[in-house]
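> Mapped onto the UniProt record's numbering, the consecutive letters of the sequence shown carry residue numbers 1 to 734.
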Amino acid sequence: MATLAAAPDALLDELQPLSVGEYLTRRLAELSVSCVFGVPGDYSLGLCDMIIHAGIRWVGTCNELNAGYAADAYARLNGLGVCCVTYGVGGFSALNACAGAYAESVPLVVLSGAPSSADYTARPGARALPHHALSRDLFAQRKAYDAVAAASVVLLDADLAATQIDDALRTCLRTSKPVLLELPMDVAQARPTSGAHAGATAHAGLAQRLRDEPASSWNIGAPHNPHACAAAVSRVCGALALAARPALLAGVEVHRRDCGPSVARLARLLRLPVATTRHGKTALEEGGAVCAGVYSGAMSAPAVRAYVEGSDLLLILGAAWTDMDYVTASLPDSATVVTVVDGSVTLRAPAPPRARGGGGGGGGGGAHVEEFGPVGLATLIDGLCLTTLDALSLSAVGGEHAGQQTPPPPPDAAGTGASPIPAVEIKVHAGTSSSKEWEGATRAAAAAATAVRDRPRFGALAYAHGDAGSGASLGESSAASSASSLEQYSLGRSAAGGAAPTSVGGFIAAFGAWVHGQHGGVTVLADAGDSLFAVADMRLRPADLFLAQGWYCSIGYTVPAALGAAHAHAAAAAARARAGGRAPPAGAVRAPRADEHGRRVACLVGDGAFQMTAQELSSAIRDELPITFFVLNNRGYGIERLIHEGPAHNDYNDVHNWSFVALARALGLREGGERGGVAREVGTEAELADALAALDAAPAAGGCNLIEVRLARDDFSDALRRLGQSIKAHNKLA
Numbered sequence: 001m002a003t004l005a006a007a008p009d010a011l012l013d014e015l016q017p018l019s020v021g022e023y024l025t026r027r028l029a030e031l032s033v034s035c036v037f038g039v040p041g042d043y044s045l046g047l048c049d050m051i052i053h054a055g056i057r058w059v060g061t062c063n064e065l066n067a068g069y070a071a072d073a074y075a076r077l078n079g080l081g082v083c084c085v086t087y088g089v090g091g092f093s094a095l096n097a098c099a100g101a102y103a104e105s106v107p108l109v110v111l112s113g114a115p116s117s118a119d120y121t122a123r124p125g126a127r128a129l130p131h132h133a134l135s136r137d138l139f140a141q142r143k144a145y146d147a148v149a150a151a152s153v154v155l156l157d158a159d160l161a162a163t164q165i166d167d168a169l170r171t172c173l174r175t176s177k178p179v180l181l182e183l184p185m186d187v188a189q190a191r192p193t194s195g196a197h198a199g200a201t202a203h204a205g206l207a208q209r210l211r212d213e214p215a216s217s218w219n220i221g222a223p224h225n226p227h228a229c230a231a232a233v234s235r236v237c238g239a240l241a242l243a244a245r246p247a248l249l250a251g252v253e254v255h256r257r258d259c260g261p262s263v264a265r266l267a268r269l270l271r272l273p274v275a276t277t278r279h280g281k282t283a284l285e286e287g288g289a290v291c292a293g294v295y296s297g298a299m300s301a302p303a304v305r306a307y308v309e310g311s312d313l314l315l316i317l318g319a320a321w322t323d324m325d326y327v328t329a330s331l332p333d334s335a336t337v338v339t340v341v342d343g344s345v346t347l348r349a350p351a352p353p354r355a356r357g358g359g360g361g362g363g364g365g366g367a368h369v370e371e372f373g374p375v376g377l378a379t380l381i382d383g384l385c386l387t388t389l390d391a392l393s394l395s396a397v398g399g400e401h402a403g404q405q406t407p408p409p410p411p412d413a414a415g416t417g418a419s420p421i422p423a424v425e426i427k428v429h430a431g432t433s434s435s436k437e438w439e440g441a442t443r444a445a446a447a448a449a450t451a452v453r454d455r456p457r458f459g460a461l462a463y464a465h466g467d468a469g470s471g472a473s474l475g476e477s478s479a480a481s482s483a484s485s486l487e488q489y490s491l492g493r494s495a496a497g498g499a500a501p502t503s504v505g506g507f508i509a510a511f512g513a514w515v516h517g518q519h520g521g522v523t524v525l526a527d528a529g530d531s532l533f534a535v536a537d538m539r540l541r542p543a544d545l546f547l548a549q550g551w552y553c554s555i556g557y558t559v560p561a562a563l564g565a566a567h568a569h570a571a572a573a574a575a576r577a578r579a580g581g582r583a584p585p586a587g588a589v590r591a592p593r594a595d596e597h598g599r600r601v602a603c604l605v606g607d608g609a610f611q612m613t614a615q616e617l618s619s620a621i622r623d624e625l626p627i628t629f630f631v632l633n634n635r636g637y638g639i640e641r642l643i644h645e646g647p648a649h650n651d652y653n654d655v656h657n658w659s660f661v662a663l664a665r666a667l668g669l670r671e672g673g674e675r676g677g678v679a680r681e682v683g684t685e686a687e688l689a690d691a692l693a694a695l696d697a698a699p700a701a702g703g704c705n706l707i708e709v710r711l712a713r714d715d716f717s718d719a720l721r722r723l724g725q726s727i728k729a730h731n732k733l734a
């Protein structure tokens with residue numbers, strides 16, 4: 001169960017009875033929501049007041065879609081995000097942002113003000129149809145959200161509202177999916193007078209509920225069956241014992257479930273590097289000796305591709321099988337593939353194994369398939385670590401775990417004994433289990449330990465462009481790879497005298513050098529297109545983070561998302577400052593990082609994508625946020641051109657060429673002065689180098705900046721070209 005922050009006593013003053021809206025906003029504050037993004041409307045004005053009175057900052061955006069995108073990025077970093085909109089016109093505008101959060105498993109709350117509760121049940125002709133409604137059916141907005149939210153609730157009864165609110169928030173956190181809370185104006189102001197939690201004095205029931213049922217008592221862990229987990233651990237360890245060339249691949253769920261440190265620990269125990277999917281970039285810290293780089297089929301660096309596709313056992317942790325990650329993947333039929341994602345463990349082997357474990361079998365095409373579930377990702381990884389650690393001698397892992405105790409005994413048949421895997425009352429999906437299964441897991445881990453002892457500390461696997469046959473350690477290869485790419489960029493600039501036109505490859509190399517030269521961490525946001533695919537193989541540092549809509553790919557997402565990310569970092573830094581530099585209590589899912597101070601946000605976005613959500617540049621300027629927007633301008637939708645070029649006389653893939661620097665200035669970006677930023681248009685490598693240097697001079701280093709990078713119309717990264725060719729062939733376009 002995740003650790004949640006305790007509610008401040010100041011929020012529980014029973015002398016001041018709480019309304020439903022006040023209860024909701026105080027619950028959000030308790031869950032470490034420090035910012036709410038939105039656009040006010042007459043149905044939500046009262047909620048806006050309550051948000052501010054709860055100590056939460058209101059961050060206004062230019063439209064509701066952008067509010068949803070900003071709250072999405074905030075949630076990815078904070079563990080929970082909220083956007084507040086008005087009914088109908090606001091809710092439907094935010095619908096696409098909610099859909100993206102649902103597809104990418106982001107815990108987002110869409111809070112919608114709404115007409116009076118009486119309007120929902122009024123007979124035709126009895127009341128005037130409220131504005132912003134589609135028809136007399138006021139439930140239309142809720143019905144639209146049913147497909148893109150884990151829960152969509154209209155709070156019509158004040159006496160039931162607190163329970164409904166808590167249920168929805170628990171669902172949001174447990175599933176890491178968005179929810180809709182639609183709150184009629186009168187219910188938001190109502191103070192319950194009956195029900196289980198209505199107080200006996202002064203209607204203090206909701207304040208009492210906050211005290212009696214703090215969010216820290218919630219069980220928001222993913223559904224998990226310890227019996228199925230024991231069987232899965234046994235089978236995975238058994239497969240590891242038989243594998244000659246095992247490999248680890250981590251996806252975005254590792255980040256969503258905050259499992260990065262556990263995956264890194266497992267990798268060290270098994271002496272294996274970890275590749276990540278493009279979508280899961282920085283799920284593990286880059287720049288160290290564990291993360292191998294990004295795997296995306298034929299678009300991968302050769303060393304990473306050889307590691308994954310040359311394995312005879314591939315353990316995939318938290319990565320869904322999507323075309324954006326695996327469109328050109330080629331896994332051998334002879335390999336055993338174990339996939340752990342969305343609460344399920346699936347083992348697919350080329351032939352029936354000698355030991356079947358406790359899972360149900362099935363499959364076809366000559367393959368043997370076993371499934372175990374529900375199994376939480378975090379608990380499965382911990383189970384693998386604990387059983388492997390128990391089996392390994394301390395010398396086999398270099399003594400790094402000296403002093404740690406062996407795991408507790410396995411659970412008994414009822415799952416009630418002390419166990420490294422918590423027992424959960426839930427229906428068994430993968431058959432019954434007993435302590436013998438945990439004994440089997442330990443025996444299988446002992447067999448795997450023999451293979452681990454014979455394995456080199458880490459394979460000679462380079463990050464990105466390193467030489468797989470160099471014999472260098474993974475960490476050394478990573479550093480050499482980065483230095484090599486930056487050296488090549490410098491040599492190219494020198495040879496051309498800096499007059500060479502900017503290119504995608506040159507920009508990525510220069511941008512990488514700039515990131516590595518920053519004193520603090522950098523959060524990189526890459527929009528769908530070459531911004532995403534070109535930057536994926538760029539090695540970041542352990543302090544750096546990477547955010548993208550790597551699967552849903554709604555272009556323009558990153559501009560408002562940068563706003564949300566910057567506010568999340570500012571709030572986390574403020575929380576640590578209030579705690580005297582120590583880590584404050586954890587938020588809804590994860591505690592603030594220790595390296596928030598001085599962190600910058602870099603947004604890489606194409607010109608077509610930027611035009612979708614450009615208004616939020618004004619919000620970043622208004623809030624004086626340390627965001628630098630790099631607009632890659634090739635005057636159109638590059639990926640669409642690669643898939644299918646439009647007719648010459650009417651190319652729908654072209655967009656009108658904006659003056660982005662003039663736009664930034666019109667929106668309030670001022671160069672020079674105490675709070676000035678940088679607004680530059682660059683067309684040569686020399687101009688790009690000068691602009692990057694200007695970004696690090698005060699006051700631009702702490703402010704909002706925009707760099708427009710002019711590119712040739714047909715300049716694309718090799719990765720994007722391969723993706724375009726694959727999609728073109730799949731879509732059967734000439």
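Don't be surprised by glycine CBs; every beta carbon is placed ideally from N, CA and C.
Can you have a look at residue 514 and say buried or exposed, based on whether 16 or more other CB atoms are within 10 angstroms of its CB?
Position 514 of the sequence shown, counted from the first residue, corresponds to residue 514. Label assigned to residue 514: buried.
> Drop a sphere of 10 angstroms on the beta-carbon of residue 491, count the other beta-carbons inside from all chains shown, and report buried for 16 or more, exposed for fewer.
Taking the sequence shown and counting its residues from 1, the one referred to as residue 491 is at position 491. Below a pLDDT of 50, predicted positions are generally treated as unreliable, and residue 491, at 45, falls in that range; no measurement from the model is reported.
> Measure from the alpha carbon of residue 709 to the alpha carbon of each residue in 694, 308, 244 and 504, then state which is nearest.
Here residue 709 corresponds to residue number 709 of the sequence shown, with the count starting at 1. Measuring from the Cα of residue 709, the nearest candidate turns out to be 504.
> Rounded to the nearest angstrom, how far is the Cβ of residue 176 from that of residue 305, given a contact under 8 Å?
As a first step, residue 176 is located in the sequence shown; it is residue number 176 there, counting from the start. As a first step, residue 305 is located in the sequence shown; it is residue number 305 there, counting from the start. Not confirmed; about 30 Å, so no contact.
> If you check the beta carbons only, do residue 527 and residue 620 fall under 7 Å apart?
On the sequence shown, residue 527 is found 527 positions in, with the first residue counted as 1. On the sequence shown, residue 620 is found 620 positions in, with the first residue counted as 1. Their beta carbons are not under 7 Å apart, which means residue 527 does not touch residue 620 by this criterion.
> Label residue 551 either buried or exposed according to how many other C-beta atoms from any shown protein chain fall within 10 Å of its C-beta, with 16 as the threshold for buried.
Walking along the sequence shown from the start, residue 551 turns up at place 551. So residue 551 ends up on the buried side.
> With a cut-off of 8 Å, do at least 3 Cβ pairs link the segment 553 to 563 to the segment 660 to 678?
Flag = no, the segment 553 to 563 and the segment 660 to 678 do not touch.
> Starting from the C-beta of residue 60, find all residues in its chain whose C-beta is less than 6 Å away, skip the five residues before and the five after it, and write them out in chain order.
Numbered from its first residue, the sequence shown carries residue 60 at position 60. Excluding residues within five positions, none has a Cβ falling inside 6 Å.
> What distance in whole Å lies between the Cβ atoms of residue 82 and residue 28, which are believed to be in contact at a cut-off of 8 Å?
Residue 28 sits at position 28 when you count from the first residue of the sequence shown. Residue 82 sits at position 82 when you count from the first residue of the sequence shown. Confirmed, Cβ separation roughly 6 Å.
> Note down, in chain order, each residue of its chain lying with its Cβ closer than 8 Å to the Cβ of residue 342, except the 5 sequence neighbours on either side.
As a working mapping, residue 342 is identified with position 342 in the sequence shown. Same-chain partners within the cutoff: 253 and 320.
> Work out the CA separation of residue 279 and residue 211 for me, nearest whole Å.
Translated into the one-based positions of the sequence shown, residue 211 becomes position 211. Translated into the one-based positions of the sequence shown, residue 279 becomes position 279. Computed Cα separation, rounded: 40 Å.
> So, at 6 Å on beta carbons, what are the nonlocal neighbours of residue 728 in its own chain, with the 5 sequence-adjacent residues on each side left out?
Locating residue 728 in the sequence shown gives position 728, where the first residue counts as 1. Correct list, in chain order: 643.
> Between 73, 632, 287 and 35, which has its C-alpha nearest residue 547's C-alpha?
Position 547 of the sequence shown, counted from the first residue, corresponds to residue 547. Checking every option, the nearest Cα to that of residue 547 belongs to 73.
> Rank 536, 614 and 570 by C-alpha distance to the C-alpha of residue 283 and give the top, closest one.
What you label residue 283 is simply residue 283 of the sequence shown in a count that begins at 1. Minimum Cα distance to residue 283 is reached at 536.
> Indicate whether residue 659 and residue 534 have their beta-carbon atoms separated by less than 7 Å.
On the sequence shown, position 659 is the one that residue 659 refers to. On the sequence shown, position 534 is the one that residue 534 refers to. No.
> From which residue to which residue does the alpha helix (DSSP H) around residue 253 run?
Within the sequence shown, residue 253 is the residue found at index 253, counting from 1. Here the alpha helix (DSSP H) through residue 253 covers 252 to 256.
> Sort 260, 368, 336 and 271 by Cα distance to residue 378 and report the nearest one.
Translated into positions along the sequence shown, residue 378 becomes position 378. Minimum Cα distance to residue 378 is reached at 260.
> Can you check which of these residues, 711, 627, 685 and 725, is closest to residue 735 by C-alpha distance?
Since the first and last residues shown for the chain are 1 and 734, residue 735 lies out of range.
> Which ranges would you report for the beta strand (DSSP E) in the segment 31 to 68 if only whole runs of at least 3 residues count?
The segment 31 to 68 contains these whole beta strand (DSSP E) runs: 35 to 38 and 57 to 60.
> Have a look at the DSSP bridge pairing and note the partners of residue 707.
On the sequence shown, residue 707 is found 707 positions in, with the first residue counted as 1. The partner list for residue 707 (beta bridge, DSSP) reads 630 and 680.
> List the residues that DSSP assigns as beta-bridge partners of residue 654.
Counting from one through the sequence shown, the residue named residue 654 turns up at place 654. In the DSSP output, where bridge partners are listed per residue, residue 654 has 636.
> How would you call residue 481, buried or exposed, if buried means at least 16 neighbouring beta carbons within 10 angstroms?
If you number the sequence shown from 1, residue 481 lands on position 481. Because residue 481 carries a pLDDT of 44, less than 50, the predicted location of this residue cannot be relied on, and the following value inherits that uncertainty. Residue 481 should be labelled buried.
> Between which residues of its own chain and residue 322 is the CB-CB distance below 6 Å, once the five residues before and five after are set aside?
Position 322 of the sequence shown, counting from 1, holds the residue named residue 322. Around residue 322: 551.
> Residue range of the beta strand (DSSP E) that residue 274 falls in?
Locating residue 274 in the sequence shown gives position 274, counting from the first residue. Counting along the chain, the beta strand (DSSP E) containing residue 274 begins and ends at 274 to 277.
> What span of residues does the beta strand (DSSP E) with residue 309 cover, start to end?
Against the sequence shown, residue 309 aligns to sequence position 309. Looking at the DSSP string, residue 309 is not in any beta strand (DSSP E); the run it does join, the alpha helix (DSSP H), is 302 to 309.
> What distance in whole Å lies between the Cβ atoms of residue 314 and residue 388, which are believed to be in contact at a cut-off of 8 Å?
Walking along the sequence shown from the start, residue 388 turns up at place 388. Walking along the sequence shown from the start, residue 314 turns up at place 314. Contact flag wrong, Cβ pair sits at about 18 Å.
> Between residue 38 and residue 75, how many whole angstroms is the CB-CB distance? I'm expecting something under 8 Å.
For the purposes of this step, residue 38 is taken as residue 38 along the sequence shown, with counting starting at 1. For the purposes of this step, residue 75 is taken as residue 75 along the sequence shown, with counting starting at 1. Incorrect: roughly 14 Å between the Cβ atoms, too far for contact.
> Do residue 114 and residue 108 come within 7 Å of each other at the CB atom, strictly closer than that value?
Taking the first residue of the sequence shown as position 1, residue 108 is located at position 108. Taking the first residue of the sequence shown as position 1, residue 114 is located at position 114. No. Outside cutoff.
> What is the residue span of the beta strand (DSSP E) that residue 370 lies within?
Here residue 370 corresponds to residue number 370 of the sequence shown, with the count starting at 1. Element bounds for residue 370: 368 to 372.
> Below 8 Å on the Cβ atoms is my guess for residue 154 versus residue 99; work out the distance and round it to an integer in Å.
Taking the sequence shown and counting its residues from 1, the one referred to as residue 154 is at position 154. Taking the sequence shown and counting its residues from 1, the one referred to as residue 99 is at position 99. Contact doesn't hold; Cβ gap of about 19 Å is too wide.
> Using alpha carbons as the reference points, say which of 131, 206 and 133 lies closest to residue 25.
What you label residue 25 is simply residue 25 of the sequence shown in a count that begins at 1. The shortest C-alpha separation from residue 25 is found at 206.
> Would you call the segment 595 to 605 in contact with the segment 43 to 58, where contact means no fewer than 3 C-beta pairs closer than 8 Å?
The segment 595 to 605, when compared against the segment 43 to 58, does not touch it at the 8 Å Cβ threshold.
> Can you tell me which of the three DSSP states residue 102 falls into?
As a working note, residue 102 is residue 102 in the sequence shown. In the structure shown, residue 102 sits in a helix (DSSP, three-state: H, G or I).
> What span of residues does the alpha helix (DSSP H) with residue 724 cover, start to end?
Along the sequence shown, one-based indexing puts residue 724 at 724. Residues 718 to 731.
> Helix or strand or just coil, what does DSSP make of residue 428?
In the sequence shown, counting from the first residue as 1, residue 428 sits at position 428. Note on residue 428: pLDDT 25, under 50, position unreliable in the model; the coordinate value appears next. Of the three classes helix, strand and coil, the one that applies to residue 428 here is coil, per DSSP.
> Note the first and the last residue of the continuous beta strand (DSSP E) segment covering residue 182.
Here the question's residue 182 lines up with position 182 in the sequence shown. First-last of the beta strand (DSSP E) with residue 182: 179 to 184.
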